[in-house]
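A.B. asks:
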Amino acid sequence: MSEYENLMANISKQNELKNQGKQSLPATPELREAIAVKHNLPAEMAERLRGEDEQSLIQDAEYLSQYVKKTVPTAPLKSTEPIMKDPLTQSLQELVHDLTGQ
């Protein structure tokens, strides 16, 4: 079959699906990944989506997205940065620490 004949066969198949009321796309890996991203699911979960067409994949993704929530990191209650002292005092303390090992 030539490329043109393949394209025409695909178009006629799409038209038949539309006429039958199945306007959803068949499940492909690319479609699964796109639906997973749209519903904020991790990429690893895209392979686990179940369904034969787009609608059933969307329903499964909506169901799974209820259980997989992205957490927003919270700010620490106090500063995690060390308190900066006077540079001279800090240098002297480091020198004493290095000399005495305390």
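Throughout the sequence shown, residue numbering follows the UniProt record's numbering, covering 1 to 102 in sequence. Yeah, the Cβ is synthetic: ideal placement off N, Cα and C, and Gly gets one too.
(1) Taking 8 Å as the limit between beta carbons, can you name the residues of its chain near residue 32, skipping five residues before and five after?
(2) Taking the alpha helix (DSSP H) that residue 58 belongs to, which residues open and close that run?
(3) Identify which residue in 39, 16, 76 and 71 has its Cα closest to the Cα of residue 62.
(4) Taking the CB atoms as reference points, tell me whether residue 51 and residue 36 lie closer together than 7 Å.
(5) List the endpoints of the continuous alpha helix (DSSP H) containing residue 35.
(6) Along the chain, where does the alpha helix (DSSP H) that runs through residue 79 open and close?
(7) By Cβ distance, which residues of its chain are closer than 7 Å to residue 65, with the 5 residues on each side in sequence left out?
(8) When every heavy atom of the ligand ATP is checked, does at least one fall within less than 6 Å of the C-beta of residue 53?
C.D. replies: Working from what's here:
(1) 46, 47, 49 and 57
(2) 54-65
(3) 39
(4) no
(5) 29-38
(6) First-last for residue 79: undefined, no H or E at that position.
(7) Counting only Cβ-Cβ distances below 7 Å, and skipping sequence neighbours, we find 39, 40 and 41.
(8) This structure lacks the ligand ATP, and indeed carries no ligand of any kind.
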